[in-house]
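Each protein sequence line maps, in turn, to chains A and B. Numbering follows our numbering, with no gaps: position 7 of the first sequence is 8. Numbering follows our numbering, with no gaps: position 121 of the second sequence is 122. Every residue gets a Cβ at the ideal spot worked out from N, C-alpha and C, and that includes glycine.
2 protein chains.
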Amino acid sequence: MARAATTLDVFNAVAEPRRREILDVLGDGRERAVSEVVEAVGMPQPSVSKHLSVLLKVGVVTVTRNGQMRMYRLNGSNLKPVHDWVKTFEQYWSHQIDRIKERAEQKMRDHKKQADNQADNKEEV
Amino acid sequence: MARAATTLDVFNAVAEPRRREILDVLGDGRERAVSEVVEAVGMPQPSVSKHLSVLLKVGVVTVTRNGQMRMYRLNGSNLKPVHDWVKTFEQYWSHQIDRIKERAEQKMRDHKKQADNQADNKEEV
DNA sequence: TTGACATATTCCTATATAGGAATATTATGG
DNA sequence: CCATAATATTCCTATATAGGAATATGTCAA
């Protein structure tokens, strides 16, 4: 099986740096024409259209017609799943190392077995 | 050009649901043998090894030898770039809609030109 | 209608999977 | 040295890109 489609979910969609760049441009919440995005990110227009299409399919942007232009607007709330997931690990970089260790050691204690922790012939890879 | 390698950065690595699942298992910070991860996620051992390999390459886990076992441990701090990026959009789902609109309108005011906002023949797509 | 502008779509290709199956590698105990 | 356990690696294949180039579609204005 190949890799999942970029349009499958937000995680796959935003894995592309260019698409994150586009989202950054739309980050202020104002709607923009494709041409404005093109100018902002300096990519060819077809590429921008394709990327916007992916972002649209996962619902992270919406589109509106305005004459011959199509105004894209960020739909930031659909990025929430990414935030929710990664927030789970927030403790690892928010200077609360003590709590992390403490929690880990607590679990270690709870786990009655595996007293084989004296095997200190560890080796970093 | 094909899609970027999954080992290119954390964004690509965690786009895979199975890999996020594995990270969730390691989420408590305790090190685990591959077999423990295998049992926890219910995937074939070779798949787990491959996924762990990807996670290792992007630095989001570390590995340590212990006899014939390899103990993997979460290196959560390497998920920070994802958090940092998505946090930029936090405003969109944290009940502060008023501020968002206000900010957008402020920028609208700052932007002197484009007084062509009376074109209200918009159409959802 | 016609031309110009804005955007989307189609074609093409090199590349990188993810999963399954089988096998290789490494370590341990006796 | 050998069987076994734990893990990694190799082979294979269907699939899905991302980007470039060219073109199609849609809209407006005169």
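Taking C-beta pairs closer than 7 Å, name the residues in chain B that residue i reaches, listed in chain order.
i, result
"residue 96 of chain A", "Here the premise fails: no neighbours, minimum Cβ distance about 11 Å."
So what's residue i in DSSP terms, helix, strand or just coil?
i, result
"residue 79 of chain B", "helix"
"residue 34 of chain B", "strand"
"residue 96 of chain A", "coil"
"residue 47 of chain B", "helix"
"residue 111 of chain B", "Confidence at residue 111 of chain B is low in this model, with a pLDDT of 49, below 50, so the placement of that residue should be treated as unreliable; the coordinate-derived value is given next. Of the three classes helix, strand and coil, the one that applies to residue 111 of chain B here is helix, per DSSP."
"residue 61 of chain A", "coil"
"residue 40 of chain B", "helix"
"residue 15 of chain A", "coil"
"residue 3 of chain A", "coil"
At 8 Å on the CB atoms, spell out the chain A contacts of residue i, in chain order.
i, result
"residue 83 of chain B", "83, 87"
Per DSSP, residue i is paired with what?
i, result
"residue 8 of chain B", "Answer is none; residue 8 of chain B lacks a bridge partner."
"residue 66 of chain A", "A/71"
Find the residues of chain A that neighbour residue i, judging by a C-beta separation of less than 9 Å, and give them in chain order.
i, result
"residue 93 of chain B", "30, 75, 76, 77, 78, 79, 80, 81"
"residue 4 of chain B", "4, 7, 16, 17"
On a Cα-Cα basis, can you pick out the residue from the options that is closest to residue i?
i, options, result
"residue 36 of chain A", "A/29, A/30, A/8, A/45", "A/45"
"residue 56 of chain B", "B/17, B/4, B/3", "B/17"
"residue 78 of chain A", "B/72, B/66, B/82, B/93", "B/93"
"residue 69 of chain A", "A/82, A/54, A/33, A/4", "A/33"
"residue 19 of chain B", "B/30, B/12, B/48, B/10", "B/48"
"residue 91 of chain A", "B/30, B/95, B/3", "B/30"
"residue 61 of chain A", "A/13, A/40, A/5, A/86", "A/13"
"residue 85 of chain A", "A/22, A/11, A/2", "A/11"
"residue 54 of chain A", "A/74, A/43, A/95", "A/74"
"residue 72 of chain B", "B/7, B/22, B/5, B/39", "B/39"
"residue 51 of chain A", "A/23, A/27, A/28", "A/23"
"residue 26 of chain A", "B/2, B/96, B/89", "B/89"
"residue 6 of chain A", "A/67, A/66, A/58, A/65", "A/58"
"residue 80 of chain B", "B/66, B/21, B/95", "B/21"
Which residues, taken in chain order from the stretch 21-34 of chain A, show a beta carbon closer than 8 Å to some beta carbon of chain B?
-> 21, 24, 25, 28, 29, 30, 31
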